Amino acid sequence: MDSEQRRVKKLYQQFRRDLTKGEIPSDYDENDLIEIYDFASDNGDEYIQLSVLLSAARIYPESEELSQRRGYYFYDRVSLGQGALDMAAVHKTDSALWAILWELVQMPQRQYDPEEAFDAILNRYSDYDDETIIQLVGACCYTNLYGWLKKRKNDIQKRCLYPDTFLYELSEEAHIRGDNSYAVELLEELTRMVPFNASYWVLLSQCYFDLDDKVNALSAVDYALAIDAKSTSALTQKMIVLFNMKGGVDEAIRIGADIIKDVTFDFDLLYQYVFMLSSISEHKRDAAELMSEYIHRFPDNKDLIDHLLEIGFEDLNRRALDQYFRYDASESVWMEWAKEYLELGSYEVCRDILMSYLTNSGSLPEWTALLEALYRLGDYRLICRLHDIYMVSDNNVLITMMDRLLLMLAHIRCGKTEPASLMARSILDTDITHIHNYDKRMRYEGIKHVTARIAENLSAYGTDFDMASSDPFS
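Residues 1 to 474 in our numbering are what the sequence shown lists, from first letter to last.
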(Lines of atoms letter the chains of each structure in order from A and count residues from 1; the text may use other names and numbers.)
(Lines give C-alpha, C1' and ligand atoms only; values in the text may rest on other atoms or scores of the structure.)
Protein backbone atom coordinates (compact mmCIF):
# COMPACT_ATOMS: atom_id res chain seq x y z
CA MET A 1 0.00 0.00 0.00
CA ASP A 2 1.58 3.31 -1.10
CA SER A 3 1.34 6.64 0.72
CA GLU A 4 -1.68 7.79 -1.31
CA GLN A 5 -3.59 4.59 -0.56
CA ARG A 6 -2.72 4.93 3.13
CA ARG A 7 -4.01 8.52 3.10
CA VAL A 8 -7.35 7.45 1.60
CA LYS A 9 -7.65 4.52 4.01
CA LYS A 10 -7.05 6.88 6.93
CA LEU A 11 -9.76 9.20 5.58
CA TYR A 12 -12.15 6.25 5.24
CA GLN A 13 -11.44 5.12 8.81
CA GLN A 14 -12.03 8.64 10.14
CA PHE A 15 -15.38 8.79 8.31
CA ARG A 16 -16.34 5.44 9.87
CA ARG A 17 -15.40 6.73 13.34
CA ASP A 18 -17.50 9.86 12.79
CA LEU A 19 -20.43 7.65 11.81
CA THR A 20 -20.25 5.77 15.11
CA LYS A 21 -20.58 9.12 16.92
CA GLY A 22 -23.88 9.67 15.15
CA GLU A 23 -22.98 12.78 13.15
CA ILE A 24 -21.01 13.40 9.96
CA PRO A 25 -19.30 16.79 10.11
CA SER A 26 -19.66 19.10 7.12
CA ASP A 27 -15.93 19.71 6.78
CA TYR A 28 -15.37 16.78 4.40
CA ASP A 29 -14.81 18.32 1.00
CA GLU A 30 -16.33 16.90 -2.16
CA ASN A 31 -13.15 15.11 -3.19
CA ASP A 32 -12.86 13.53 0.29
CA LEU A 33 -16.32 12.00 -0.04
CA ILE A 34 -15.58 10.72 -3.55
CA GLU A 35 -12.38 9.05 -2.35
CA ILE A 36 -14.09 7.54 0.70
CA TYR A 37 -16.93 6.22 -1.48
CA ASP A 38 -14.56 4.67 -4.02
CA PHE A 39 -12.44 3.08 -1.27
CA ALA A 40 -15.58 1.63 0.33
CA SER A 41 -16.72 0.35 -3.07
CA ASP A 42 -13.38 -1.38 -3.68
CA ASN A 43 -13.66 -3.05 -0.27
CA GLY A 44 -17.33 -4.05 -0.50
CA ASP A 45 -18.43 -1.75 2.34
CA GLU A 46 -21.99 -0.89 1.28
CA TYR A 47 -22.77 0.72 4.64
CA ILE A 48 -20.11 3.38 4.12
CA GLN A 49 -21.07 3.79 0.46
CA LEU A 50 -24.66 4.56 1.41
CA SER A 51 -23.59 6.81 4.29
CA VAL A 52 -21.35 8.84 1.96
CA LEU A 53 -24.19 9.25 -0.54
CA LEU A 54 -26.58 10.43 2.17
CA SER A 55 -23.99 12.89 3.46
CA ALA A 56 -23.22 14.09 -0.06
CA ALA A 57 -26.90 14.75 -0.78
CA ARG A 58 -26.93 17.07 2.25
CA ILE A 59 -23.53 18.75 1.93
CA TYR A 60 -22.97 18.77 -1.87
CA PRO A 61 -26.37 18.39 -3.56
CA GLU A 62 -25.01 19.89 -6.80
CA SER A 63 -22.02 17.53 -7.14
CA GLU A 64 -22.10 15.76 -10.50
CA GLU A 65 -19.55 13.10 -9.54
CA LEU A 66 -21.40 12.18 -6.37
CA SER A 67 -24.72 12.20 -8.23
CA GLN A 68 -23.24 9.77 -10.76
CA ARG A 69 -22.19 7.45 -7.97
CA ARG A 70 -25.65 7.74 -6.45
CA GLY A 71 -27.20 6.74 -9.77
CA TYR A 72 -24.99 3.66 -10.09
CA TYR A 73 -25.66 2.75 -6.47
CA PHE A 74 -29.41 2.89 -7.13
CA TYR A 75 -28.96 0.60 -10.13
CA ASP A 76 -26.37 -1.85 -8.79
CA ARG A 77 -27.14 -2.16 -5.09
CA VAL A 78 -30.82 -1.52 -4.49
CA SER A 79 -32.29 -2.35 -7.93
CA LEU A 80 -33.89 1.07 -8.27
CA GLY A 81 -33.67 1.19 -12.05
CA GLN A 82 -36.23 4.00 -12.35
CA GLY A 83 -34.40 6.05 -9.72
CA ALA A 84 -31.16 5.62 -11.66
CA LEU A 85 -32.97 6.55 -14.88
CA ASP A 86 -34.43 9.69 -13.30
CA MET A 87 -30.99 10.78 -12.13
CA ALA A 88 -29.47 10.10 -15.54
CA ALA A 89 -32.26 12.11 -17.19
CA VAL A 90 -31.69 15.29 -15.15
CA HIS A 91 -27.89 15.39 -15.08
CA LYS A 92 -26.30 18.74 -15.82
CA THR A 93 -23.15 17.66 -17.61
CA ASP A 94 -22.82 15.33 -20.57
CA SER A 95 -20.39 12.48 -19.84
CA ALA A 96 -19.62 8.87 -20.69
CA LEU A 97 -20.50 7.86 -17.13
CA TRP A 98 -24.07 9.13 -17.45
CA ALA A 99 -24.36 7.60 -20.94
CA ILE A 100 -23.27 4.18 -19.68
CA LEU A 101 -25.82 4.31 -16.85
CA TRP A 102 -28.54 5.36 -19.29
CA GLU A 103 -27.79 2.40 -21.56
CA LEU A 104 -27.68 -0.04 -18.64
CA VAL A 105 -31.13 0.98 -17.42
CA GLN A 106 -32.73 1.32 -20.85
CA MET A 107 -31.25 -1.76 -22.52
CA PRO A 108 -33.80 -4.35 -21.28
CA GLN A 109 -36.67 -2.31 -22.79
CA ARG A 110 -35.01 -1.55 -26.14
CA GLN A 111 -34.53 -3.89 -29.08
CA TYR A 112 -31.21 -2.96 -30.64
CA ASP A 113 -27.62 -4.07 -30.89
CA PRO A 114 -25.86 -3.25 -27.58
CA GLU A 115 -22.52 -3.15 -29.39
CA GLU A 116 -23.79 -0.22 -31.46
CA ALA A 117 -24.81 1.62 -28.29
CA PHE A 118 -21.38 1.23 -26.72
CA ASP A 119 -19.66 2.01 -30.02
CA ALA A 120 -21.59 5.29 -29.99
CA ILE A 121 -20.43 6.05 -26.43
CA LEU A 122 -16.85 5.26 -27.40
CA ASN A 123 -17.02 7.49 -30.47
CA ARG A 124 -18.65 10.37 -28.60
CA TYR A 125 -16.61 10.64 -25.40
CA SER A 126 -12.93 10.74 -24.46
CA ASP A 127 -10.87 11.33 -21.30
CA TYR A 128 -12.31 8.44 -19.29
CA ASP A 129 -11.47 8.72 -15.59
CA ASP A 130 -11.14 5.75 -13.23
CA GLU A 131 -14.83 5.57 -12.30
CA THR A 132 -15.88 5.70 -15.95
CA ILE A 133 -13.55 2.83 -16.82
CA ILE A 134 -14.72 0.72 -13.88
CA GLN A 135 -18.37 1.22 -14.85
CA LEU A 136 -17.71 0.70 -18.57
CA VAL A 137 -16.03 -2.67 -18.01
CA GLY A 138 -18.71 -3.69 -15.50
CA ALA A 139 -21.55 -2.65 -17.81
CA CYS A 140 -20.09 -4.46 -20.81
CA CYS A 141 -19.58 -7.66 -18.87
CA TYR A 142 -23.10 -7.43 -17.43
CA THR A 143 -24.53 -7.06 -20.95
CA ASN A 144 -22.40 -9.86 -22.44
CA LEU A 145 -20.07 -7.50 -24.27
CA TYR A 146 -16.82 -8.96 -22.97
CA GLY A 147 -15.90 -9.82 -26.56
CA TRP A 148 -16.54 -6.21 -27.56
CA LEU A 149 -14.17 -5.02 -24.81
CA LYS A 150 -11.44 -7.25 -26.20
CA LYS A 151 -12.12 -6.11 -29.75
CA ARG A 152 -12.11 -2.40 -28.85
CA LYS A 153 -9.37 -2.66 -26.23
CA ASN A 154 -6.90 -0.34 -28.00
CA ASP A 155 -9.57 2.26 -28.80
CA ILE A 156 -10.76 2.33 -25.19
CA GLN A 157 -7.22 2.46 -23.83
CA LYS A 158 -6.43 5.58 -25.90
CA ARG A 159 -9.31 7.40 -24.22
CA CYS A 160 -8.26 6.54 -20.64
CA LEU A 161 -6.74 9.15 -18.37
CA TYR A 162 -5.27 6.21 -16.44
CA PRO A 163 -4.75 3.27 -18.85
CA ASP A 164 -3.51 1.05 -16.02
CA THR A 165 -6.99 1.09 -14.45
CA PHE A 166 -8.51 -0.21 -17.67
CA LEU A 167 -5.89 -2.93 -18.08
CA TYR A 168 -6.40 -4.06 -14.49
CA GLU A 169 -10.22 -4.10 -14.68
CA LEU A 170 -10.19 -5.98 -17.98
CA SER A 171 -7.55 -8.48 -16.83
CA GLU A 172 -9.52 -9.15 -13.65
CA GLU A 173 -12.64 -9.85 -15.70
CA ALA A 174 -10.63 -12.12 -18.02
CA HIS A 175 -9.34 -14.03 -14.98
CA ILE A 176 -12.86 -14.44 -13.57
CA ARG A 177 -14.01 -15.82 -16.93
CA GLY A 178 -11.09 -18.26 -17.13
CA ASP A 179 -9.60 -16.40 -20.10
CA ASN A 180 -6.21 -16.55 -18.42
CA SER A 181 -4.02 -16.41 -21.53
CA TYR A 182 -5.55 -13.06 -22.41
CA ALA A 183 -5.34 -11.95 -18.77
CA VAL A 184 -1.61 -12.72 -18.75
CA GLU A 185 -1.16 -10.70 -21.95
CA LEU A 186 -2.91 -7.71 -20.34
CA LEU A 187 -1.06 -8.03 -17.04
CA GLU A 188 2.33 -8.31 -18.71
CA GLU A 189 1.55 -5.01 -20.41
CA LEU A 190 0.27 -3.56 -17.14
CA THR A 191 3.32 -4.55 -15.08
CA ARG A 192 5.59 -2.98 -17.70
CA MET A 193 3.53 0.19 -17.45
CA VAL A 194 3.28 0.20 -13.62
CA PRO A 195 6.03 -2.10 -12.32
CA PHE A 196 5.76 -1.25 -8.61
CA ASN A 197 2.16 -2.22 -7.81
CA ALA A 198 2.22 -5.51 -5.87
CA SER A 199 -1.46 -6.34 -6.51
CA TYR A 200 -0.86 -6.40 -10.28
CA TRP A 201 1.93 -8.96 -9.86
CA VAL A 202 -0.25 -11.08 -7.55
CA LEU A 203 -3.03 -11.24 -10.14
CA LEU A 204 -0.45 -12.10 -12.82
CA SER A 205 0.80 -14.94 -10.61
CA GLN A 206 -2.76 -16.23 -10.14
CA CYS A 207 -3.34 -16.26 -13.90
CA TYR A 208 -0.07 -18.08 -14.57
CA PHE A 209 -0.96 -20.57 -11.85
CA ASP A 210 -4.36 -21.22 -13.42
CA LEU A 211 -2.52 -21.90 -16.69
CA ASP A 212 -0.42 -24.47 -14.79
CA ASP A 213 2.71 -22.36 -15.35
CA LYS A 214 4.03 -22.58 -11.80
CA VAL A 215 7.51 -21.28 -12.60
CA ASN A 216 6.20 -17.95 -13.93
CA ALA A 217 3.57 -17.89 -11.17
CA LEU A 218 6.33 -18.07 -8.56
CA SER A 219 8.43 -15.47 -10.37
CA ALA A 220 5.49 -13.03 -10.53
CA VAL A 221 4.59 -13.38 -6.85
CA ASP A 222 8.25 -12.94 -5.88
CA TYR A 223 8.15 -9.58 -7.70
CA ALA A 224 5.07 -8.68 -5.63
CA LEU A 225 6.88 -9.54 -2.40
CA ALA A 226 9.93 -7.56 -3.47
CA ILE A 227 7.60 -4.55 -3.65
CA ASP A 228 5.63 -5.32 -0.46
CA ALA A 229 7.17 -8.05 1.69
CA LYS A 230 4.21 -8.01 4.12
CA SER A 231 1.42 -8.25 1.54
CA THR A 232 -1.01 -10.90 2.80
CA SER A 233 -2.39 -11.57 -0.68
CA ALA A 234 1.13 -12.03 -2.09
CA LEU A 235 2.23 -14.30 0.76
CA THR A 236 -0.95 -16.35 0.39
CA GLN A 237 -0.39 -16.69 -3.34
CA LYS A 238 3.22 -17.78 -2.79
CA MET A 239 2.01 -20.35 -0.26
CA ILE A 240 -0.42 -21.77 -2.83
CA VAL A 241 2.15 -21.86 -5.63
CA LEU A 242 4.86 -23.50 -3.51
CA PHE A 243 2.45 -26.06 -2.10
CA ASN A 244 1.78 -27.24 -5.65
CA MET A 245 5.46 -27.33 -6.66
CA LYS A 246 7.82 -30.23 -6.10
CA GLY A 247 9.89 -29.60 -3.00
CA GLY A 248 7.91 -26.52 -1.98
CA VAL A 249 5.52 -27.98 0.61
CA ASP A 250 7.61 -27.30 3.73
CA GLU A 251 8.16 -23.65 2.82
CA ALA A 252 4.46 -23.28 1.94
CA ILE A 253 3.52 -24.55 5.41
CA ARG A 254 5.99 -22.17 7.06
CA ILE A 255 4.63 -19.18 5.11
CA GLY A 256 1.05 -20.16 5.93
CA ALA A 257 1.81 -20.46 9.64
CA ASP A 258 3.36 -16.98 9.65
CA ILE A 259 0.37 -15.44 7.85
CA ILE A 260 -2.17 -17.04 10.18
CA LYS A 261 -0.41 -15.56 13.22
CA ASP A 262 -0.83 -12.05 11.85
CA VAL A 263 -4.30 -12.31 10.27
CA THR A 264 -6.72 -13.42 12.98
CA PHE A 265 -10.10 -12.84 11.38
CA ASP A 266 -9.49 -13.80 7.74
CA PHE A 267 -11.42 -17.07 7.72
CA ASP A 268 -11.02 -17.61 3.96
CA LEU A 269 -7.25 -17.54 4.41
CA LEU A 270 -7.57 -19.88 7.39
CA TYR A 271 -9.62 -22.34 5.33
CA GLN A 272 -7.04 -22.30 2.54
CA TYR A 273 -4.22 -23.02 4.97
CA VAL A 274 -6.15 -25.70 6.85
CA PHE A 275 -7.15 -27.43 3.60
CA MET A 276 -3.50 -27.47 2.59
CA LEU A 277 -2.35 -28.85 5.95
CA SER A 278 -5.09 -31.47 6.16
CA SER A 279 -4.13 -32.90 2.76
CA ILE A 280 -0.75 -33.98 4.20
CA SER A 281 -1.17 -37.01 6.44
CA GLU A 282 1.46 -35.99 9.01
CA HIS A 283 -0.09 -32.51 9.36
CA LYS A 284 -3.76 -33.53 9.41
CA ARG A 285 -4.01 -33.41 13.20
CA ASP A 286 -2.25 -30.01 13.18
CA ALA A 287 -4.92 -28.70 10.80
CA ALA A 288 -7.73 -29.96 13.04
CA GLU A 289 -6.15 -28.51 16.17
CA LEU A 290 -5.70 -25.13 14.48
CA MET A 291 -9.40 -25.14 13.56
CA SER A 292 -10.22 -26.09 17.15
CA GLU A 293 -8.29 -23.06 18.41
CA TYR A 294 -10.43 -20.76 16.24
CA ILE A 295 -13.63 -22.54 17.29
CA HIS A 296 -12.68 -22.02 20.93
CA ARG A 297 -12.61 -18.27 20.18
CA PHE A 298 -15.75 -18.34 18.00
CA PRO A 299 -17.77 -21.31 19.35
CA ASP A 300 -21.02 -20.23 17.68
CA ASN A 301 -19.51 -20.08 14.17
CA LYS A 302 -21.06 -23.05 12.35
CA ASP A 303 -18.94 -22.52 9.24
CA LEU A 304 -15.74 -22.99 11.27
CA ILE A 305 -17.17 -26.19 12.75
CA ASP A 306 -18.05 -27.52 9.29
CA HIS A 307 -14.45 -27.13 8.19
CA LEU A 308 -13.27 -28.97 11.30
CA LEU A 309 -15.79 -31.79 10.84
CA GLU A 310 -14.54 -32.47 7.33
CA ILE A 311 -10.98 -33.10 8.58
CA GLY A 312 -12.24 -36.06 10.59
CA PHE A 313 -11.03 -36.25 14.19
CA GLU A 314 -13.93 -37.51 16.28
CA ASP A 315 -12.65 -36.20 19.63
CA LEU A 316 -12.17 -32.65 18.32
CA ASN A 317 -15.44 -32.80 16.40
CA ARG A 318 -17.39 -33.80 19.51
CA ARG A 319 -15.79 -31.07 21.61
CA ALA A 320 -16.72 -28.39 19.05
CA LEU A 321 -20.25 -29.76 18.58
CA ASP A 322 -20.86 -29.95 22.33
CA GLN A 323 -19.84 -26.28 22.59
CA TYR A 324 -22.12 -25.33 19.69
CA PHE A 325 -25.12 -26.99 21.38
CA ARG A 326 -24.99 -24.25 24.02
CA TYR A 327 -25.64 -21.64 21.31
CA ASP A 328 -28.17 -23.48 19.16
CA ALA A 329 -30.10 -26.52 20.41
CA SER A 330 -32.75 -26.42 17.68
CA GLU A 331 -33.49 -30.01 16.69
CA SER A 332 -34.43 -29.02 13.12
CA VAL A 333 -31.04 -27.33 12.62
CA TRP A 334 -29.13 -30.36 13.90
CA MET A 335 -31.17 -32.93 11.96
CA GLU A 336 -30.87 -31.03 8.67
CA TRP A 337 -27.17 -30.49 9.31
CA ALA A 338 -26.59 -34.23 9.81
CA LYS A 339 -28.72 -35.22 6.81
CA GLU A 340 -26.70 -32.97 4.52
CA TYR A 341 -23.58 -34.93 5.41
CA LEU A 342 -25.40 -38.27 5.16
CA GLU A 343 -26.44 -37.44 1.59
CA LEU A 344 -22.81 -36.56 0.78
CA GLY A 345 -21.66 -39.92 2.12
CA SER A 346 -19.84 -38.28 5.05
CA TYR A 347 -21.09 -40.86 7.54
CA GLU A 348 -18.52 -40.05 10.25
CA VAL A 349 -19.61 -36.41 10.32
CA CYS A 350 -23.30 -37.34 10.36
CA ARG A 351 -22.57 -39.67 13.29
CA ASP A 352 -20.59 -37.03 15.20
CA ILE A 353 -23.34 -34.42 14.81
CA LEU A 354 -26.17 -36.69 15.92
CA MET A 355 -24.27 -38.39 18.74
CA SER A 356 -23.43 -34.94 20.12
CA TYR A 357 -27.07 -33.87 19.86
CA LEU A 358 -28.25 -37.11 21.49
CA THR A 359 -25.77 -36.79 24.35
CA ASN A 360 -26.69 -33.17 25.04
CA SER A 361 -30.46 -33.35 24.54
CA GLY A 362 -31.13 -36.90 25.73
CA SER A 363 -33.17 -37.89 22.68
CA LEU A 364 -33.52 -37.66 18.91
CA PRO A 365 -36.66 -36.59 17.04
CA GLU A 366 -35.89 -39.28 14.44
CA TRP A 367 -33.34 -42.09 14.31
CA THR A 368 -32.91 -43.11 10.67
CA ALA A 369 -29.98 -40.82 9.79
CA LEU A 370 -27.91 -41.89 12.81
CA LEU A 371 -28.70 -45.59 12.42
CA GLU A 372 -27.85 -45.53 8.71
CA ALA A 373 -24.59 -43.63 9.29
CA LEU A 374 -23.54 -46.08 12.01
CA TYR A 375 -24.51 -49.09 9.93
CA ARG A 376 -22.56 -47.87 6.90
CA LEU A 377 -19.58 -47.29 9.21
CA GLY A 378 -19.87 -50.87 10.50
CA ASP A 379 -20.53 -49.78 14.09
CA TYR A 380 -23.17 -52.46 14.65
CA ARG A 381 -22.55 -52.78 18.39
CA LEU A 382 -23.33 -49.11 18.98
CA ILE A 383 -26.60 -49.51 17.08
CA CYS A 384 -27.53 -52.42 19.35
CA ARG A 385 -26.61 -50.39 22.44
CA LEU A 386 -28.71 -47.43 21.30
CA HIS A 387 -31.61 -49.81 20.70
CA ASP A 388 -31.31 -51.24 24.21
CA ILE A 389 -30.87 -47.86 25.94
CA TYR A 390 -33.32 -45.63 24.06
CA MET A 391 -35.90 -47.85 22.37
CA VAL A 392 -36.50 -51.12 24.23
CA SER A 393 -37.21 -49.38 27.54
CA ASP A 394 -39.25 -46.52 26.08
CA ASN A 395 -42.38 -47.41 24.14
CA ASN A 396 -42.91 -43.76 23.22
CA VAL A 397 -39.86 -43.67 20.93
CA LEU A 398 -41.11 -43.66 17.35
CA ILE A 399 -39.10 -45.95 15.07
CA THR A 400 -39.86 -46.20 11.37
CA MET A 401 -39.83 -49.21 9.06
CA MET A 402 -36.35 -48.20 7.89
CA ASP A 403 -35.18 -47.94 11.51
CA ARG A 404 -36.44 -51.46 12.21
CA LEU A 405 -34.67 -52.80 9.12
CA LEU A 406 -31.38 -51.23 10.24
CA LEU A 407 -31.84 -52.53 13.79
CA MET A 408 -32.57 -56.03 12.50
CA LEU A 409 -29.48 -56.01 10.29
CA ALA A 410 -27.27 -54.71 13.12
CA HIS A 411 -28.49 -57.40 15.53
CA ILE A 412 -27.77 -60.09 12.93
CA ARG A 413 -24.26 -58.67 12.43
CA CYS A 414 -23.76 -58.89 16.21
CA GLY A 415 -25.05 -62.48 16.32
CA LYS A 416 -28.22 -61.59 18.27
CA THR A 417 -30.90 -63.88 16.87
CA GLU A 418 -33.78 -63.04 19.23
CA PRO A 419 -33.88 -59.22 18.85
CA ALA A 420 -33.24 -59.62 15.11
CA SER A 421 -36.21 -61.99 14.83
CA LEU A 422 -38.42 -59.61 16.84
CA MET A 423 -37.53 -56.74 14.50
CA ALA A 424 -38.21 -58.92 11.44
CA ARG A 425 -41.60 -59.93 12.83
CA SER A 426 -42.56 -56.30 13.61
CA ILE A 427 -41.75 -55.31 10.01
CA LEU A 428 -43.65 -58.22 8.46
CA ASP A 429 -46.68 -57.65 10.73
CA THR A 430 -46.94 -53.95 9.85
CA ASP A 431 -50.09 -53.21 7.85
CA ILE A 432 -49.28 -50.90 4.94
CA THR A 433 -52.57 -51.23 3.04
CA HIS A 434 -53.67 -47.79 4.26
CA ILE A 435 -50.61 -46.07 2.73
CA HIS A 436 -51.70 -44.44 -0.54
CA ASN A 437 -48.59 -42.41 -1.35
CA TYR A 438 -47.01 -44.41 -4.17
CA ASP A 439 -43.33 -43.75 -3.35
CA LYS A 440 -43.79 -44.45 0.35
CA ARG A 441 -45.84 -47.59 -0.34
CA MET A 442 -43.18 -48.96 -2.72
CA ARG A 443 -40.43 -48.19 -0.21
CA TYR A 444 -42.26 -50.12 2.49
CA GLU A 445 -42.97 -53.00 0.11
CA GLY A 446 -39.25 -53.15 -0.62
CA ILE A 447 -38.38 -53.26 3.09
CA LYS A 448 -40.91 -56.04 3.65
CA HIS A 449 -39.53 -58.03 0.70
CA VAL A 450 -35.93 -57.78 1.99
CA THR A 451 -37.06 -58.66 5.51
CA ALA A 452 -39.02 -61.72 4.38
CA ARG A 453 -35.96 -63.14 2.65
CA ILE A 454 -33.74 -62.49 5.69
CA ALA A 455 -36.38 -63.87 8.09
CA GLU A 456 -36.30 -67.21 6.25
CA ASN A 457 -32.55 -67.43 6.80
CA LEU A 458 -32.92 -66.38 10.44
CA SER A 459 -35.46 -69.12 11.00
CA ALA A 460 -33.30 -71.76 9.33
CA TYR A 461 -29.79 -70.77 10.39
CA GLY A 462 -30.06 -68.18 13.18
CA THR A 463 -27.54 -65.41 12.51
CA ASP A 464 -25.03 -67.81 10.95
CA PHE A 465 -25.65 -67.11 7.25
CA ASP A 466 -24.08 -65.05 4.47
CA MET A 467 -25.58 -61.53 4.60
CA ALA A 468 -23.89 -60.26 1.44
CA SER A 469 -26.69 -61.19 -0.95
CA SER A 470 -29.47 -59.99 1.37
CA ASP A 471 -28.11 -56.75 2.87
CA PRO A 472 -29.45 -53.73 0.90
CA PHE A 473 -26.61 -51.59 2.32
CA SER A 474 -23.79 -53.90 1.15
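Ideal Cβ placement from N, Cα and C applies to all residues, glycine included.
Since we're looking at a predicted model, the values are computed, not measured.
My understanding is that Arg376 touches Tyr347, with C-beta atoms under 8 Å, so please give their C-beta distance in whole angstroms.
-> That belief holds up - the Cβ atoms of Arg376 and Tyr347 are roughly 5 Å apart, short of 8 Å.
Helix, strand or coil for Tyr60 per DSSP?
-> coil
Cβ separation of Gln49 and Ala56, assumed to be a contact under 8 Å, to the nearest whole Å | Going by Cβ atoms, the distance from Gln49 to Ala56 rounds to 11 Å, so no, they are not a contact pair.
Opposite Tyr128 in the DSSP bridges: which residues?
-> Cys160
Using 8 Å as the threshold, is the region 327-337 in touch with the region 284-298, meaning 3 or more CB pairs across them?
-> no
From the DSSP output, in three-state form, read off His175 for me.
-> helix
If you run the structure through DSSP and keep just helix, strand and coil, what is Glu310?
-> helix
Return helix, strand or coil for Trp201, following the three-state DSSP convention.
-> helix
Would you tell me roughly how many angstroms separate the C-alpha atoms of Ser26 and Glu62, rounded to the nearest one?
-> 15 Å
Consult DSSP for Thr400 and reduce its assignment to one of helix, strand or coil.
-> coil
Would a C-beta distance cut-off of 8 Å place Ala234 and Val221 closer than the cut-off?
-> yes
For Met467, the three-state DSSP class (helix, strand or coil) | coil
State the DSSP-derived secondary structure class of Asn216, mapped to helix, strand or coil.
-> Here Asn216 sits in helix by DSSP.
By how many angstroms is the C-alpha of Ile383 removed from the C-alpha of Leu371?
-> Computed Cα separation, rounded: 6 Å.
Straight-line gap, Val137 to Phe15 (C-alpha atoms, nearest Å) = Answer to the nearest angstrom: the Cα atoms are 29 Å apart.
Endpoints, alpha helix (DSSP H) assigned at Ile280 = Neither: Ile280 is in no alpha helix (DSSP H) and is coded neither H nor E.
Looking only at C-alpha atoms, which of Ile240, Leu405, Ala410, Ile432 sits nearest to Ala424?
-> Leu405
Can you give me the start and stop residues for the alpha helix (DSSP H) that Pro419 sits inside?
-> 417-428
What is the residue span of the alpha helix (DSSP H) that His434 lies within?
-> Run containing His434: none; DSSP gives neither H nor E here.
Would the beta-carbon of Ile100 fall within 8 Å of that of Gln135?
-> yes
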